[in-house]
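These notes are about the structure you will find just below.
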Amino acid sequence: MATTGALEQGTAAQWTRRHLLGLRELSADDLRLILQTAESFREVSLRPIKKVPALRGKTVVNLFFEPSTRTRTSFELAAKRLSADIVNIAAAGSSLSKGETVLDTVRNLEALKVDLLVIRHAAAGVPHALAKRISASVINAGDGAHEHPTQALLDLFTIQEKKGRIAGLKVSIIGDIAHSRVARSNIWGLTKLGAQVTVCGPPSLLPRHIEQLGVRVVYRLDEAIRDADVLMLLRIQHERQEAVLVPSLREYRLTYGVDQARLAHAKPEVLIMHPGPVNRGVELDSRVADGPYSVILDQVTNGLAVRMAVLYLVAGAPKLDEAEG
Amino acid sequence: MAGVLIRGGQVVDPATNRNGRFDVLIADGLIRDIAPTIAANGAAVVDAAGWLVLPGLVDLHAHLRQPGREDKETIETGARAAVRGGFTTVCAMPNTDPAIDTGGVAQYVAQEARRVGLAAVHPIGAITRGRQGKELSDFGELFEAGCVALSDDGNAVAHPLLMRRALEYAKIFNRPLIQHAEDPQLAAGGVMHEGLVSTTLGLRGIPGEAESTMVARDLALAELTGGWVHFAHLSSAQSVELIRQAKRRGVRVTCEVTPHHLALTEQAVGEFETRAKVNPPLRDEADRQALIEGLRDGTIDCIATDHAPHTDWEKEADFDSAPFGISGLETALAVCVQTLVVPGLLAWVHLVEKLSAAPAKIAGVEAGTLRAGAPADVILVDPNATWTVDPQRFASKGRHSPFAGQTLTGAVTQVFKAGAQVA
Amino acid sequence: MTEPAYHEKAKVLDADGIRRALTRIAHEILEHNKGTAGVALVGIRTRGALLAQRLAQAIEAIDQRPVQVGILDITLYRDDVSRATPQPVVRATEIPFDVTDQDVVLVDDVLFTGRTIRAALNALNDLGRPRTIQLAVLVDRGHRELPIRADYAGKNIPTSRRERVQVRLREVDEAEEVVIEAPAADPAASTPGGR
Numbered sequence: 001m002a003t004t005g006a007l008e009q010g011t012a013a014q015w016t017r018r019h020l021l022g023l024r025e026l027s028a029d030d031l032r033l034i035l036q037t038a039e040s041f042r043e044v045s046l047r048p049i050k051k052v053p054a055l056r057g058k059t060v061v062n063l064f065f066e067p068s069t070r071t072r073t074s075f076e077l078a079a080k081r082l083s084a085d086i087v088n089i090a091a092a093g094s095s096l097s098k099g100e101t102v103l104d105t106v107r108n109l110e111a112l113k114v115d116l117l118v119i120r121h122a123a124a125g126v127p128h129a130l131a132k133r134i135s136a137s138v139i140n141a142g143d144g145a146h147e148h149p150t151q152a153l154l155d156l157f158t159i160q161e162k163k164g165r166i167a168g169l170k171v172s173i174i175g176d177i178a179h180s181r182v183a184r185s186n187i188w189g190l191t192k193l194g195a196q197v198t199v200c201g202p203p204s205l206l207p208r209h210i211e212q213l214g215v216r217v218v219y220r221l222d223e224a225i226r227d228a229d230v231l232m233l234l235r236i237q238h239e240r241q242e243a244v245l246v247p248s249l250r251e252y253r254l255t256y257g258v259d260q261a262r263l264a265h266a267k268p269e270v271l272i273m274h275p276g277p278v279n280r281g282v283e284l285d286s287r288v289a290d291g292p293y294s295v296i297l298d299q300v301t302n303g304l305a306v307r308m309a310v311l312y313l314v315a316g317a318p319k320l321d322e323a324e325g
Numbered sequence: 326m327a328g329v330l331i332r333g334g335q336v337v338d339p340a341t342n343r344n345g346r347f348d349v350l351i352a353d354g355l356i357r358d359i360a361p362t363i364a365a366n367g368a369a370v371v372d373a374a375g376w377l378v379l380p381g382l383v384d385l386h387a388h389l390r391q392p393g394r395e396d397k398e399t400i401e402t403g404a405r406a407a408v409r410g411g412f413t414t415v416c417a418m419p420n421t422d423p424a425i426d427t428g429g430v431a432q433y434v435a436q437e438a439r440r441v442g443l444a445a446v447h448p449i450g451a452i453t454r455g456r457q458g459k460e461l462s463d464f465g466e467l468f469e470a471g472c473v474a475l476s477d478d479g480n481a482v483a484h485p486l487l488m489r490r491a492l493e494y495a496k497i498f499n500r501p502l503i504q505h506a507e508d509p510q511l512a513a514g515g516v517m518h519e520g521l522v523s524t525t526l527g528l529r530g531i532p533g534e535a536e537s538t539m540v541a542r543d544l545a546l547a548e549l550t551g552g553w554v555h556f557a558h559l560s561s562a563q564s565v566e567l568i569r570q571a572k573r574r575g576v577r578v579t580c581e582v583t584p585h586h587l588a589l590t591e592q593a594v595g596e597f598e599t600r601a602k603v604n605p606p607l608r609d610e611a612d613r614q615a616l617i618e619g620l621r622d623g624t625i626d627c628i629a630t631d632h633a634p635h636t637d638w639e640k641e642a643d644f645d646s647a648p649f650g651i652s653g654l655e656t657a658l659a660v661c662v663q664t665l666v667v668p669g670l671l672a673w674v675h676l677v678e679k680l681s682a683a684p685a686k687i688a689g690v691e692a693g694t695l696r697a698g699a700p701a702d703v704i705l706v707d708p709n710a711t712w713t714v715d716p717q718r719f720a721s722k723g724r725h726s727p728f729a730g731q732t733l734t735g736a737v738t739q740v741f742k743a744g745a746q747v748a
Numbered sequence: 749m750t751e752p753a754y755h756e757k758a759k760v761l762d763a764d765g766i767r768r769a770l771t772r773i774a775h776e777i778l779e780h781n782k783g784t785a786g787v788a789l790v791g792i793r794t795r796g797a798l799l800a801q802r803l804a805q806a807i808e809a810i811d812q813r814p815v816q817v818g819i820l821d822i823t824l825y826r827d828d829v830s831r832a833t834p835q836p837v838v839r840a841t842e843i844p845f846d847v848t849d850q851d852v853v854l855v856d857d858v859l860f861t862g863r864t865i866r867a868a869l870n871a872l873n874d875l876g877r878p879r880t881i882q883l884a885v886l887v888d889r890g891h892r893e894l895p896i897r898a899d900y901a902g903k904n905i906p907t908s909r910r911e912r913v914q915v916r917l918r919e920v921d922e923a924e925e926v927v928i929e930a931p932a933a934d935p936a937a938s939t940p941g942g943r
């Protein structure tokens with residue numbers, strides 16, 4: 001309860017967006033409103049009856065074209081705690097992901113009278129393509145290497161909770177920036193709220209012109225660790241290794257793996273974050289992942305409150321037909 | 326001899342160095358006379374005052390999809406789109422199904438085009454069988470069947486030794502090999518230009534170097550073999566500079582650029598706009614400026630549409646899944662006028678040359694001139710008319726254009742193909 | 749939907765009046781519950797929460813014993829959300845004690861249709877099972893739409909439906925008063941505001 005004060009200040013903003021597709025298009029006020037709302041929702045999960053009737057009668061569809069356990073479960077639980085009806089459609093590997101076009105999918109969902117569509121897809125921009133053509137609200141639960149807005153929001157929420165602020169903090173994002181939707185959403189969110197962001201990784205995993213997004217770029221892990229208030233580690237994808245992006249996982253661990261020895265040069269109160277699942281012994285040593293500065297499990301807990309806030313806010317935005325009518 | 330007399334227009338014909346007010350008399354499918362004043366003598370008179378009188382435009386690079394993907398385009402709809410856009414001659418790329426890699430398929434395309442009759446359609450044969458990049462197709466048979474050039478367009482001929490042999494062998498026929506210069510490994514999985522926009526959207530990028538490294542290689546091979554390489558749809562500044570230097574050395578090289586690469590950049594992709602998904606991708610402003618400069622200084626020989634129609638449902642997919650391509654025949658001239666002539670970057674006479682005489686020369690076809698005695702491929706253009714692009718009104722089956730909704734200058738008002746009015 | 753202009757029609761309570769009303773309610777709560785044992789005050793955000801704090805101080809001043817105070821946010825229980833308007837801002841519910849088997853006194857500023865209280869009763873239900881739930885309001889202005897009544901009312905004010913009652917508290921409003929406002933012009937076009 002101590003943290004609410006700082007967030008409540010200056011958030012007279014109202015939520016009017018029909019979709020949550022990414023953090024790039026949000027204002028700092030939008031971000032603060034979501035975080036403040038999430039703060040209020042956190043208390044619901046501490047009650048004996050962990051449920052409020054706010055979205056009673058609404059239908060939420062979890063449409064996941066990529067396997068995911070934690071994000072899907074988190075959205076499902078969030079929807080249930082708001083008393084919405086939720087349907088899970090796991091489309092990975094099914095005909096949905098191949099033969100059917102995005103448009104076909106949309107038409108099928110429209111026929112089901114869905115209010116909110118939570119979508120994850122391996123291709124960037126699929127949520128945008130849906131949002132253009134569907135009357136339901138679309139929430140992006142991760143699209144290719146583009147954005148994963150609710151992950152970044154829960155990261156922001158966790159930083160705010162642990163550090164009491166975001167503005168002025170030095171946050172280093174370490175790893176495969178090029179293929180990371182988490183990195184992109186966090187870059188937008190953190191910079192809009194006034195943090196100083198450094199990205200660190202081998203140049204083969206840093207996308208071109210990334211510095212133009214307002215971040216500092218370093219190649220050396222020690223430079224990213226020194227002075228950082230928060231270290232955000234990204235998962236290195238085993239399956240991408242065929243693309244000769246780094247010589248080997250072993251080499252990656254030697255050069256970019258965060259262990260206790262590397263952390264000897266960190267600030268004493270540094271936060272260690274990871275969107276999960278962690279490749280233990282690759283990007284993050286087990287002792288660090290389970291150590292005192294790791295907030296990885298807090299991230300999971302906060303994910304629920306953040307997703308409740310997002311579902312609640314987006315559900316209230318005017319629908320297309322209503323907005324035009 | 327009745328014919329048609331086009332009276333009082335501004336004749337712009339780079340092939341005959343004509344740029345002034347002339348009357349043009351058409352009869353029996355030919356240009357009979359061209360003079361300051363011609364008496365009608367029973368010919369139907371077209372008042373062209375205030376209009377430009379140009380040679381029918383020539384497109385060195387269009388995808389007409391027939392045979393195989395008649396749902397995207399047919400030779401008939403493609404030809405209709407061509408004449409609407411002022412093109413009376415079109416070279417059809419061989420990435421059909423089956424590919425134009427035998428004389429039989431080439432003859433089928435030529436025959437179907439003759440049946441349609443709107444525009445002259447010349448097939449381009451495949452360099453390799455099935456465009457697979459493994460074995461050379463039978464060049465002699467293809468040229469015998471009417472092919473004007475060879476290309477694996479859509480794919481690069483990636484194998485360096487195969488490209489060398491192709492350049493050597495094509496010397497027999499004195500015809501160009503049209504290379505889609507794109508290193509398949511450097512471009513692998515890419516869907517747009519590798520730059521700030523791809524970084525922001527998280528889309529896999531294709532660097533300009535995927536093109537320029539292959540341009541560099543093929544220039545070296547052309548120099549080695551004395552063969553003629555023509556680069557399709559240039560997109561990167563580096564490529565332009567490499568070709569500029571090679572031309573100075575006397576390498577036998579020609580090249581083309583598309584209207585969309587002259588007009589647009591990666592910014593057109595905006596928020597996953599599939600209508601701007603094209604290969605090679607729209608690049609950055611420095612590349613665009615280099616292409617315009619290359620066109621101005623003669624490094625780039627001609628403008629070609631790379632007309633690449635697709636069905637709506639394909640183009641409306643998500644960005645990764647949507648096919649590459651822009652339906653370009655019907656906007657090409659006006660996009661060029663708006664991008665190059667209106668801001669004073671290129672005079673009309675030079676633009677017309679890049680769209681008629683120059684591509685006709687590369688294709689080796691008798692077109693692109695208003696010389697007396699030549700086939701009467703003539704178009705009339707209102708240079709000041711403005712119009713708004715509405716792809717739903719295209720003659721092409723491809724109703725997707727990044728220029729949709731834009732207002733452009735320069736409208737084709739009448740088109741004559743071999744003396745017959747076709748649009 | 750433009751907000752019609754309102755003008756002040758009457759001041760029904762000033763700072764002194766508010767203080768006296770709260771003191772009287774404090775006495776009534778103590779008398780009715782025979783002391784503070786088991787009594788908890790739960791104020792409805794925003795002004796009800798402020799009034800609950802003041803009532804707690806008043807009770808403590810009389811009885812010399814502290815009384816538990818909590819804050820209830822009923823946004824998520826409202827029956828008018830998600831109707832094509834932006835969602836109201838949700839704030840935290842802060843009830844740092846178990847309400848089960850307590851005598852809970854709900855506190856709000858104005859009792860009008862009763863819908864806010866209905867939402868608050870539902871919300872309290874999800875937090876536990878109080879022994880009793882009582883209702884204290886500063887102003888009861890009538891026009892109930894649900895079978896709800898106040899156990900303690902600072903003042904009953906007859907109003908027209910079109911009028912609105914403004915409670916201003918110095919903590920948030922830079923004033924300390926209760927006023928009735930009436931729509932300035934064209935009463936037919938105006939809508940009831942406030943509570």
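Residue numbers (my numbering), protein chains in the order written: chain U, 1 to 325; chain Y, 326 to 748; chain D, 749 to 943. Where a beta carbon is used, it is the ideal one built from N, C-alpha and C, also for glycine. Because the structure is a prediction, the values reported are computed rather than measured.
Contacts of residue i in chain Y (Cβ-Cβ under 8 Å)
| i | result |
| --- | --- |
| I210/U | T524 |
| G144/U | G527, L528 and D645 |
Beta-carbon proximity check, residue i vs residue j, cutoff 8 Å
| i | j | result |
| --- | --- | --- |
| L156/U | L31/U | yes |
| G22/U | H146/U | yes |
| A800/D | V855/D | yes |
| A657/Y | P584/Y | yes |
| V171/U | P202/U | no |
| L154/U | V306/U | yes |
| V790/D | L824/D | no |
| G411/Y | V690/Y | no |
| A868/D | I928/D | no |
| L475/Y | I452/Y | yes |
Counted within 10 angstroms of its Cβ, other Cβ atoms place residue i as buried (16 or more) or exposed
| i | result |
| --- | --- |
| E211/U | exposed |
| M1/U | At M1/U the pLDDT is 33, less than 50, meaning the model places this residue with poor confidence and gives no usable figure here. |
| V740/Y | buried |
| E779/D | exposed |
| A763/D | exposed |
| L112/U | exposed |
| V554/Y | buried |
| Y219/U | exposed |
| E641/Y | buried |
| V920/D | exposed |
| T413/Y | buried |
| E324/U | Low per-residue confidence applies at E324/U: pLDDT is 35, beneath 50, and the placement is therefore not dependable enough to give any value. |
Listed by chain order, chain U residues near residue i by CB distance under 7 Å
| i | result |
| --- | --- |
| D921/D | Correct list: empty, because the minimum Cβ distance to chain U is about 16 Å. |
| S726/Y | Neighbours of S726/Y on chain U: none; closest Cβ ~17 Å, over 7 Å. |
Closer than 8 Å at the beta carbon, the chain U residues around residue i
| i | result |
| --- | --- |
| G876/D | P48 |
Listed by chain order, chain Y residues near residue i by CB distance under 7 Å
| i | result |
| --- | --- |
| V126/U | D643 |
Residues that residue i contacts on chain U, provided the C-beta gap is smaller than 9 Å
| i | result |
| --- | --- |
| E650/Y | This sequence places Gly at residue 650/Y; Glu is not what is there. The premise fails here: G650/Y is roughly 17 Å from chain U at the closest Cβ pair, so nothing lies under 9 Å. |
Whole-Å CB distance - residue i paired with residue j, under 8 Å assumed
| i | j | result |
| --- | --- | --- |
| V197/U | L249/U | Not a contact, Cβ separation roughly 26 Å. |
| L695/Y | R343/Y | 7 Å |
_Any beta strand (DSSP E) of 3 or more consecutive residues that is wholly inside the segment 34-109 of chain U_ = With a minimum length of 3 residues, the continuous beta strand (DSSP E) runs that stay inside the segment 34-109 of chain U are 59-64 and 85-90.
_4-residue-minimum alpha helix (DSSP H) runs that sit fully inside the segment 409-495 of chain Y, ordered along the chain_ = Entirely contained in the segment 409-495 of chain Y, the alpha helix (DSSP H) runs reaching 4 residues are, in chain order, 428-441, 464-469 and 485-495.
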